[in-house]
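K.L.:
This is the structure I have questions about; it appears just below.
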Amino acid sequence: MTLTTILPTLRRSIPDPLDSNRWPERTRATTTDVVVCGVSLLGLVELCGTPCVHSAAGAAPGTGGRPSPLFDASAVVLRITEVLHSAEGATLVLLDGRLDHPGTAWGELRLIGRASTAHDAPATVLGGAERSASVELPADVRPGDLLAVPVRGVPCLRELRG
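Here's what the structure looks like:
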């Protein structure tokens, strides 16, 4: 558990921590963005739209983000198209792309583009026709919000647009 989990209002001043071993090399978080090798994912979305992919060398396990000579990793950005709430309190988040890639680190999924001060809540993200993931997201996610997630390997953009 982190300070930003306990006190979400801190997200305005300090970023949620990320596991640098799961993201591409030289990845760092800000309060509203993720920067991979000097490239802002929000800037990438402005140029390319969503879904989009930024790839680099993967981080060698246990090195705190140093590049691995053995594998690549990517950061994928998807836009929330719909948020559904059931009578039982379950939340289903629909995305504008398919992310069926087996190397997706769903536990690292994070909101970018704004700093939410809502507590995290369980949600199911529909990442493709046959793939869903149980995640923790701020309770106030809404259509139009951007989500970034690391993926081991390099998924093709055409696979995301499925």
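Here the sequence shown is numbered in my numbering, starting from 99 and rising by one per residue.
For each residue, glycine too, the CB sits at the ideal point set by N, CA and C.
Predicted model, so just to flag it, every value in this text is computed and none were measured.
(1) Comparing alpha-carbon positions, which option in 205, 198, 167 and 154 lies nearest residue 125?
(2) Starting from residue 262, follow the alpha helix (DSSP H) in both directions and report where the run begins and ends.
(3) Could you tell me which of 257, 209 and 149 sits nearest to residue 234, measuring between CA atoms?
(4) Which value, in whole angstroms, describes the spacing of the CA atoms of residue 239 and residue 169?
(5) Between 147, 135 and 190, which has its C-alpha nearest residue 165's C-alpha?
(6) Leaving aside the five residues before and after residue 249 along the sequence, list all residues of the same chain whose C-beta is less than 6 Å from its C-beta, in chain order.
(7) Within the present structure, is the beta-carbon of residue 245 separated from the nearest heavy atom of the ligand COA by less than 7 Å?
(8) Rounded to whole angstroms, what is the Cα-Cα separation between residue 122 and residue 162?
(9) In whole angstroms, what is the alpha-carbon distance linking residue 194 and residue 183?
P.N.:
Quick look at the numbers:
(1) 154
(2) An answer regarding residue 262 cannot be provided, because it is not within the stretch 99 to 260 covered by the chain.
(3) 209
(4) 33 Å
(5) 135
(6) 172, 174, 199, 201 and 202
(7) By its list of ligands, the structure shown contains no ligand whatsoever, and the ligand COA lies outside what it can speak to.
(8) 11 Å
(9) 18 Å
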